[in-house]
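Enquirer:
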Amino acid sequence: MIRPHDSLPYRHVLTLPAMGSAVRIARETTEQVLAEWGVGPQEPCTEPALLILSELVANSVGHAAVLSPKVTVIFAGGPDAFAFGVHDRHPYRPALYASAVAGSGRGLATVVELTLGLGGSAVVRGDADEGGKSIWITLPLRRSGASRAR
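160 is the number of the first residue of the sequence shown in my numbering; add one for each residue after it.
#1: At which residues does the alpha helix (DSSP H) containing Gly244 begin and terminate?
#2: Return the CA-CA distance between Arg170 and Ala257, expressed in angstroms with no decimal places.
#3: Restricting to runs no shorter than 4 residues, where is the alpha helix (DSSP H) found entirely within the region 163 to 202?
#4: From the DSSP output, in three-state form, read off Pro299 for me.
#5: Assuming the contact rule is C-beta atoms closer than 8 Å, Val232 and Phe243 should be a hit. Round their C-beta distance to whole Å, please.
#6: Taking its Cβ as the centre, do 16 or more other Cβ atoms sit within 10 Å of Arg248, making it buried, or is it exposed?
#7: Within its chain, find whatever has a CB closer than 7 Å to the CB of Val182; leave out the 5 residues flanking it on each side and keep chain order.
#8: Compute the distance between the beta-carbons of Thr188 and Ala208, then report whether it is under 8 Å.
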């Protein structure tokens, strides 16, 4: 199966202990990765991406740390899209779109609303052994011509 982020040429992986400081470190790393890939703070997806990522990492730390001592963030990027997956080894797979409709899990509802509002997509992918999952967010980049030239 080809996933949308498989075709994105830039990659970065960050693995952290599943503790409170992971949220701050993941957010700071995301800012650095975006800057290295030519996506500045003025881009429409930057602030929402940071909020979405922070929420997903906080969820992994808060709900999965008991079974998953580490949380991994995988970044993928290209000229027109930025994607990131937050992975932990807890087997529970949240129903992203149901949380947005039902109003349960306010954080995930916010993640889905922000993602869809930007024209992006969100998907939960289980590990092959069913022992963990990744939540992948893909956001379109709408950059000016000068930014695209990078």
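Just so you know, even glycine gets a beta-carbon here, dropped at the ideal spot from N, CA and C.
Remember, predicted model here, so these are calculated numbers, not experimental data.
Expert: Concretely, from the data shown:
#1: Counted from its first residue, the sequence shown places residue 244 at position 85. Here Gly244 belongs to no alpha helix (DSSP H); instead the beta strand (DSSP E) covers Ala240 to Asp247.
#2: Working through the sequence shown from its first residue, we reach residue 170 at position 11. Working through the sequence shown from its first residue, we reach residue 257 at position 98. Between the C-alpha atoms of Arg170 and Ala257 there is a straight-line separation of about 30 Å.
#3: DSSP runs (the alpha helix (DSSP H)) wholly in the region 163 to 202: 180 to 195.
#4: Taking the first residue of the sequence shown as 1, we reach residue 299 at position 140. Looking at Pro299 - three-state DSSP - the assignment turns out to be strand.
#5: In the sequence shown, counting from the first residue as 1, residue 232 sits at position 73. In the sequence shown, counting from the first residue as 1, residue 243 sits at position 84. Indeed they touch by this definition, with Cβ atoms about 6 Å apart.
#6: On the sequence shown, position 89 is the one that residue 248 refers to. A residue is called buried once 16 or more other Cβ atoms fall within 10 Å of its Cβ, and Arg248 is buried on that count.
#7: For the purposes of this step, residue 182 is taken as residue 23 along the sequence shown, with counting starting at 1. Closer than 7 Å at Cβ, skipping near neighbours: Ser213, Val216, Ala217 and Val220.
#8: Counting from 1 along the sequence shown, the entry for residue 188 is found at position 29. Counting from 1 along the sequence shown, the entry for residue 208 is found at position 49. Contact: no.
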